[in-house]
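Going line by line, the protein sequences match chains A and B. With the working numbering, the residue at position 10 of the first sequence is 10, and numbering never jumps. With the working numbering, the residue at position 57 of the second sequence is 171, and numbering never jumps. One structure is given here, and the rest of the page talks about it.
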Amino acid sequence: GAVVSQHPSRVICKSGTSVKIECRSLDFQATTMFWYRQFPKQSLMLMATSNEGSKATYEQGVEKDKFLINHASLTLSTLTVTSAHPEDSSFYICSARGVNTEAFFGQGTRLTVV
Amino acid sequence: AQRVTQPEKLLSVFKGAPVELKCNYSYSGSPELFWYVQYSRQRLQLLLRHISRESIKGFTADLNKGETSFHLKKPFAQEEDSAMYYCALRGYNQGGKLIFGQGTELSVKP
């Protein structure tokens, strides 16, 4: 299957700083990328959907100024958690979908804010 | 509102026993339904989707529109089936986003 790579896989940052997570589709063009947040042994909560070259569409309750999403190319989307706080600590997962393909998931990024 | 419900948080069976992971959905229309699996320390991966009507790793799932269910079944569980299983829904003209259920942890004991 297609490969989606997330970087970094783990990151620890200080409260008040910003952290950027990258999501790359390695062998296909991702026209749409999705960002999820997952709590331990719980479901994936969709945060936002981004289409290449367009502004992201955020789900209800997700602060767009807090979670900045950029999808500038067909192989790269980034999620920046701005002014991170301990409650932002979580597992963030991206998925990418191309034309006529199913969604493929990245390996996830464990964010810990101290 | 779109919703996917997996009533069981944990399902524990012995090897060789039949397995049924329940999934019910709420959607005003004809959605696409999927099952995703997440093995320990691995990424989420697609197991099967209702439109394919296929059997993957011995698992099958039938969409029952009358009961709005998409239960996942396997006649004889194997230890390697132990994982988290997520039922997901994709609505029509929704930008392709997937709505996930809460997940069911399947534990197959020897």
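Even glycine gets a Cβ: it sits at the ideal position worked out from N, Cα and C.
Secondary structure of Glu102/A (DSSP, three-state): coil. Using a C-beta cut-off of 8 Å, the segment 38-46 of chain A makes contact with the segment 90-105 of chain A, since at least three inter-stretch Cβ pairs fall below that distance.
The CB of Arg97/A comes closer than 7 Å to the CB of Gly210 in chain B, given here in chain order. The beta carbon of Gln116/B sits no closer than 8 Å to any beta carbon of chain A.
Ranked by Cα distance from Tyr206/B, the first of Pro145/B, Cys137/B and Pro121/B is Pro145/B.
Here the segment 65-72 of chain A does not lie against the segment 144-164 of chain B, with fewer than 3 beta-carbon pairs under 8 Å apart. Three or more beta-carbon pairs separated by less than 8 Å link the segment 120-129 of chain B to the segment 201-217 of chain B, which places the two stretches in contact. Taking a 10 Å sphere around the C-beta of Thr17/A, we find fewer than 16 other C-beta atoms and assign the residue as exposed. Neighbours of Leu203/B in chain A, taken as residues at a C-beta separation under 9 Å, are lacking, since the least C-beta distance is about 11 Å.
According to DSSP, residue pairing for Asn51/A in a beta bridge involves Thr32/A.
The distance from the Cβ of Ser154/B to that of Ala115/B is about 32 Å, inconsistent with a contact at the 8 Å cut-off. The contact set of Tyr200/B on chain A, defined by CB atoms closer than 9 Å, consists of Ser43 and Leu44 in chain order.
Against chain B, a Cβ distance below 8 Å from Thr49/A picks out Gly209, Gly210 and Lys211. By DSSP's assignment, Phe173/B forms a beta bridge with Ile170/B. Taking C-alpha positions only, Asp176/B is separated from Ala48/A by approximately 30 Å. Residues of chain A whose Cβ lies closer than 7 Å to the Cβ of Phe214/B are, in chain order, Ser43 and Leu44. When the alpha-carbon of Cys201/B is set against those of Arg24/A, Ser15/A and Leu44/A, the nearest one is in Leu44/A. Sequence-distant Cβ neighbours of Gly130/B in its own chain, meaning closer than 6 Å and more than five residues away, are Phe190.
Glu146/B sits in a strand when the DSSP states are folded into three classes. According to the DSSP assignment, Val118/B belongs to the beta strand (DSSP E) that extends over Arg117 to Thr119.
Contact note: Glu102/A reaches chain B through Phe148, Leu160 and Arg163, using a C-beta cutoff of 9 Å and chain order. In chain order, Thr49 and Ser95 place their CB closer than 6 Å to the CB of Phe34/A, counting only its own chain and leaving out the 5 sequence neighbours on each side.
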